[in-house]
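Below: one structure, written as structure tokens.
Protein chains in written order, with the working numbering: chain A, 315 to 380; chain B, 206 to 458.
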């Protein structure tokens with residue numbers, strides 16, 4: 315178990331990759347974007363990109379906006 | 206037919222989705238507007254309403270992600286890259302805001318972000334000021350269109366400098382889309398009469414008392430303005446020019 319910060323909220327994470335985190339958060343794969351420590355992680359890299367202790371993760375999706 | 210970024214659209218109205226009271230109200234407005242392209246923002250998942258993307262997909266409209274809320278080129282570029290991952294589109298409505306009271310664009314940051322995103326292969330649609338020189342610079346960079354503000358976002362003031370909007374349409378070869386400031390249907394018609402290729406609006410519809418009715422009004426206004434622009438209006442005269450001939454006028458003695 316490592317500690318990460320997702321959208322400014324600390325949480326424990328039992329998995330290892332970005333893809334595993336999204337599964338744990340029960341998020342659809344479609345319509346979601348991820349940045350780790352401010353750097354965009356491309357969709358194709360989600361299954362391989364490993365999260366480390368203290369990583370700051372931003373998980374974003376569509377919202378109404380002009 | 207209206208071509209933007211290599212894609213043909215039959216509607217010249219682009220609808221922003223911000224400001225709607227509910228997804229159901231938004232859906233009715235989108236349908237009534239006849240638009241084929243709608244903007245969305247990118248926000249943290251817990252702040253986002255579920256079902257927006259599903260609804261847009263169901264309606265078959267194309268998504269144009271925006272970079273609303275970005276104040277630097279760096280943030281706007283990052284947001285565009287995130288949007289590309291989220292929505293699998295390289296289209297972006299590029300907004301780089303310079304002032305939180307007017308929400309007007311920061312020209313320096315905007316040009317910097319546009320150059321970077323064009324380099325990265327994005328179809329860049331920049332929200333810009335009504336400055337014809339800045340519009341030309343953005344067009345020269347390779348932006349797919351320029352989108353000058355008629356007035357500040359959400360102000361409903363209409364087109365405060367119609368002369369400059371007209372100049373922009375004569376200055377750049379890429380499409381010109383009037384973006385922001387529209388309050389009612391006549392503003393959208395005026396934009397098209399000034400030579401704009403399209404209109405992007407959100408608040409005027411989503412915050413109207415009856416969004417679907419206003420969306421329908423905008424749809425007709427954009428069509429009417431376009432037709433009027435092509436029809437060749439009469440010259441303005443100081444004095445009257447009778448439309449009825451005096452020939453055959455009865456004489457009463």
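Glycine included, each C-beta is placed from N, C-alpha and C at the ideal position.
DSSP state of residue i mapped onto helix, strand, coil
{"i": "residue 349 of chain A", "result": "strand"}
{"i": "residue 310 of chain B", "result": "strand"}
{"i": "residue 264 of chain B", "result": "helix"}
{"i": "residue 389 of chain A", "result": "Residue 389 of chain A is absent from the structure shown; chain A starts at 315 and stops at 380."}
{"i": "residue 249 of chain B", "result": "strand"}
{"i": "residue 282 of chain B", "result": "helix"}
{"i": "residue 430 of chain B", "result": "helix"}
{"i": "residue 446 of chain B", "result": "coil"}
{"i": "residue 419 of chain B", "result": "helix"}
{"i": "residue 335 of chain A", "result": "helix"}
{"i": "residue 355 of chain A", "result": "strand"}
{"i": "residue 337 of chain B", "result": "helix"}
{"i": "residue 257 of chain B", "result": "helix"}
{"i": "residue 243 of chain B", "result": "strand"}
{"i": "residue 269 of chain B", "result": "strand"}
Within-8 Å CB hit, residue i to chain B
{"i": "residue 372 of chain A", "result": "yes"}
{"i": "residue 331 of chain A", "result": "no"}
{"i": "residue 357 of chain A", "result": "yes"}
{"i": "residue 335 of chain A", "result": "no"}
{"i": "residue 321 of chain A", "result": "yes"}
{"i": "residue 347 of chain A", "result": "yes"}
{"i": "residue 365 of chain A", "result": "no"}
{"i": "residue 376 of chain A", "result": "yes"}
{"i": "residue 380 of chain A", "result": "yes"}
{"i": "residue 354 of chain A", "result": "yes"}
Where the alpha helix (DSSP H) through residue i begins and ends
{"i": "residue 454 of chain B", "result": "Element bounds for residue 454 of chain B: n/a, residue is neither H nor E."}
{"i": "residue 374 of chain B", "result": "367-376"}
{"i": "residue 410 of chain B", "result": "408-411"}
{"i": "residue 366 of chain A", "result": "First-last for residue 366 of chain A: undefined, no H or E at that position."}
{"i": "residue 395 of chain B", "result": "390-398"}
Beta-bridge pairing of residue i - partner residues as DSSP gives them
{"i": "residue 208 of chain B", "result": "B:213"}
{"i": "residue 347 of chain B", "result": "DSSP output for residue 347 of chain B lists no bridge partner at all."}
{"i": "residue 326 of chain A", "result": "A:317"}
{"i": "residue 218 of chain B", "result": "B:404"}
{"i": "residue 360 of chain A", "result": "Residue 360 of chain A pairs with nothing; no bridge assigned."}
{"i": "residue 353 of chain B", "result": "B:333"}
Residue i at chain A interface by Cβ criterion, 8 Å
{"i": "residue 358 of chain B", "result": "yes"}
{"i": "residue 315 of chain B", "result": "no"}
{"i": "residue 390 of chain B", "result": "no"}
{"i": "residue 223 of chain B", "result": "yes"}
{"i": "residue 398 of chain B", "result": "no"}
{"i": "residue 407 of chain B", "result": "yes"}
{"i": "residue 249 of chain B", "result": "yes"}
{"i": "residue 271 of chain B", "result": "yes"}
{"i": "residue 234 of chain B", "result": "no"}
{"i": "residue 305 of chain B", "result": "no"}
{"i": "residue 325 of chain B", "result": "no"}
{"i": "residue 246 of chain B", "result": "yes"}
{"i": "residue 252 of chain B", "result": "yes"}
{"i": "residue 258 of chain B", "result": "yes"}
{"i": "residue 322 of chain B", "result": "no"}
{"i": "residue 287 of chain B", "result": "yes"}
{"i": "residue 283 of chain B", "result": "yes"}
{"i": "residue 242 of chain B", "result": "no"}
{"i": "residue 231 of chain B", "result": "yes"}
Neighbour-count burial assignment, residue i, 16 or more Cβ in a 10 Å radius
{"i": "residue 369 of chain B", "result": "buried"}
{"i": "residue 352 of chain A", "result": "exposed"}
{"i": "residue 374 of chain B", "result": "buried"}
{"i": "residue 306 of chain B", "result": "exposed"}
{"i": "residue 397 of chain B", "result": "buried"}
{"i": "residue 317 of chain A", "result": "exposed"}
{"i": "residue 436 of chain B", "result": "exposed"}
{"i": "residue 344 of chain A", "result": "exposed"}
{"i": "residue 311 of chain B", "result": "buried"}
{"i": "residue 253 of chain B", "result": "buried"}
{"i": "residue 439 of chain B", "result": "exposed"}
{"i": "residue 208 of chain B", "result": "exposed"}
{"i": "residue 456 of chain B", "result": "exposed"}
{"i": "residue 454 of chain B", "result": "exposed"}
{"i": "residue 288 of chain B", "result": "buried"}
{"i": "residue 324 of chain B", "result": "exposed"}
Limits of the beta strand (DSSP E) - the one that residue i falls within
{"i": "residue 230 of chain B", "result": "No beta strand (DSSP E) holds residue 230 of chain B; the alpha helix (DSSP H) holding it covers 228-238."}
{"i": "residue 328 of chain B", "result": "328-333"}
{"i": "residue 371 of chain A", "result": "370-378"}
{"i": "residue 297 of chain B", "result": "296-299"}
{"i": "residue 384 of chain B", "result": "382-384"}
beta-carbon residue i near the ligand FMN non-hydrogen atom, thresh 7 Å
{"i": "residue 316 of chain A", "result": "This structure simply doesn't include the ligand FMN, nor any ligand for that matter."}
Cutoff 8 Å: residue i Cβ touching any chain E Cβ
{"i": "residue 290 of chain B", "result": "Among the chains of the structure shown, chain E does not appear; the protein chains present are A and B."}
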